[in-house]
Each structure stands twice: as C-alpha cells, then as structure tokens.
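Asker: In UniProt numbering, the protein residues as written are 1 to 339. All C-beta atoms, glycine included, are put in the ideal place defined by N, C-alpha and C. None of these values were measured; they are calculated from a predicted model.
(1) Pull up the distance between the alpha-carbon of residue 183 and that of residue 137, whole angstroms please.
(2) Return the CA-CA distance between residue 177 and residue 171, expressed in angstroms with no decimal places.
(3) For residue 143, does the three-state DSSP call read helix, strand or coil?
(4) For residue 72 versus residue 21, is the C-beta distance shorter than 8 Å?
(5) Would residue 10 and residue 32 be called neighbours here (beta carbons separated by less than 8 Å)?
(6) Spatial neighbours of residue 245 within its chain, please: CB distance less than 8 Å, with the 5 preceding and 5 following residues excluded, ordered by chain position.
(7) Could you spell out the range, first to last residue, of the alpha helix (DSSP H) harbouring residue 58?
(8) When you compare the stretch 24-40 with the stretch 302-309, are there three or more beta-carbon pairs, one atom per stretch, that lie closer than 8 Å?
(9) Cα separation between residue 180 and residue 309?
(10) Quick check: is the beta carbon of residue 122 nearer than 8 Å to any beta carbon in chain B?
(11) Tell me which residue opens and which closes the beta strand (DSSP E) that residue 120 is part of.
(12) Residues in the same chain with beta-carbon distance under 6 Å from residue 19, minus the five sequence neighbours each way, listed in chain order, please.
(13) Measure the C-alpha to C-alpha separation of residue 267 and residue 260 and round it to an integer number of angstroms.
(14) Would you give the residue range spanned by the beta strand (DSSP E) that residue 345 belongs to?
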C-alpha cells in the first residue's frame, strides 16, 4: 500500500501524539520534522529512525518525500504556514483552533483550488463510535433538541502558550470549547443561524487568559447547546448528553476515549455510549459498546491519507464545512465572552 509522506511543523507535545499515530497507521509515514530552531527538531527525531530534522518551513516544503504537512504551531501562526504548504502542493492537517472563520475559509478555499486536502485535527471525529452514535440518534432519541458538554483538563502551567493570548488568542475557550462546538456540529446538527450566544468566562489574574467558561448557544431551529470547559476543576471531565424527543444518549469520554486514547494507559474501561428513555433508572440504562480497532488519532491519519489518495471532492468538502461551522460557532462564543 502506498504511504503518504508526512512532515510535521512544530515539534511539541501534541505533535508527538500525532507522530505516534502516523507510525501506527498503515497508509502514512513520518519523513521530516521542522522547527525554527533545528535543535528542537533534532531532539524530536532523535528516537525516530529515518525521520529527518530540518530548520524552518521552507526546508520542509522543499522535500519531495513530504506529501502532507501536519501543523502543530501556535494558532496565530497556523494560517501563514498552511497557505505556504498548500502553495507548495502539500495536503494540510492543521491542529485546532483557528484565529477565526475567515482564516479557515481562506485555507479551505486555497486547498480546494489546488485539489488538496484540508482537515482539522479533531481526533474524536474519526473514532468509530462517532458514526455509530450518529446513526443511533434518530432511532433511539428522535429529534435532537439539546446538547450539554463539559470538558475540563487539570492544567495550570502559566508558561504554556495556552495562557498566552498573543499566541492562542481565545486561550481556554478556543482550546476546550472547540470540542463542545464540534459536538454541536457532529451530533446536534442545528438548523438555521445562531440566535443567541452567552458566555461567562473566568480569567487568570496574571495573564488575563480565559481559564474557564460556561455558556449557551441557541439556533433558529430551536436547538440549544450548553457547555462548561476549562482548566480549573482539578480533574479530567469529558461528559456529553444529547437529549432528543424520546430519550437521551450519553458519553463520559467524548473527547478522549478511556479505552484506546494515548492519554490513558490500561484503564480497563470499554468505549461506547449509554442510552436511556422513559422513567428508566440506572439499571435500565443500556450501554452500547463501540470498540476501536486502533487509537482515534491513528484513525484520523488513516482517514486523511485515504482522502488524499482518493481525491473524493465531496468528502473533502464535508470535512472543510465541518471546520468552518465549528470555528463559526466558536467565533460567536468569543464575541459573547467580550473578546
């Protein structure tokens, strides 16, 4: 099977997760890693046999063995790098979030014009549970009307770029509520325009970064989503409830599944979702398992490489549209937060 050659820009923690995912995939391979400081790229590639460290984006894009670029830089730098990569004829996988929806539109249009793949790196979209959950909505809960998500991660390092509005403009709102808004796109699937967006942010007194936010977003079709995200709960929390007209579907690991995510080791937990209807109690709640064949980030790489090989314009446009919607909802929250 031909393998898609990947280059990585920005050798940080999340790039390591994706590099491992590339190694696990059947149809992709990591060929080069770029950093503004060559020593950072060299440190990243030290234990990766056959992967070349290069200095700067131009050196990476000049390589014939790089077919696609994964961009894991601070948000403020992503568009410039992505447009350069697209101009050089490379497919692009870009870590979330983005500066705004207009920025996403420029990148997606540039990729489409060159017959290249643009995809955001939202891992859970590629987990087999996502498609199974989507298929169960109409059958089990009727019309989805309300979605609640909570995503917290215990994080307090003020030297990290998540606390630097110059590099990550939306700070925790962009970092964490991205997943809540992507769940809106994937599961609630609202109709019409946004009619209301309300956000109550908590800011770090030292950096002014948003560290926690609760809010609501409502749509013309009557669907509503509430969310609660941040770094301040002292634990990881990944709860999702989708309420329809005949029941509720639930997950307690909607971002990083307990079973196969690289964040957890040998949890012993099974991946799936729960279903409840009527006056059912805990004992009446059905758990539907959705076992993964590999980690969701590896599935993402395989889906990306397959899309690059197939040239499926409809599927490429669908991924681009999902990114545009997610960022558009996030922009509305950012405005409501008093950006």
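Answerer: So, to answer that:
(1) 13 Å
(2) 10 Å
(3) coil
(4) Inclusion of residue 72 and residue 21 in the CB contact set at 8 Å is not warranted, their separation being larger than that value.
(5) Not closer than 8 Å, so no.
(6) 141, 142, 143 and 145
(7) In the DSSP assignment, residue 58 falls within the alpha helix (DSSP H) that extends over 57-61.
(8) Per the Cβ contact rule, the stretch 24-40 is in contact with the stretch 302-309 (3 or more Cβ pairs under 8 Å).
(9) Their backbone Cα atoms lie some 30 Å apart in a straight line.
(10) Here there is only one protein chain, and chain B is not present.
(11) 118-120
(12) These residues qualify, in order along the chain: 30.
(13) So the two alpha carbons sit approximately 9 Å from each other.
(14) For residue 345 there is no data in the structure shown, the boundaries of the chain being 1 and 339.
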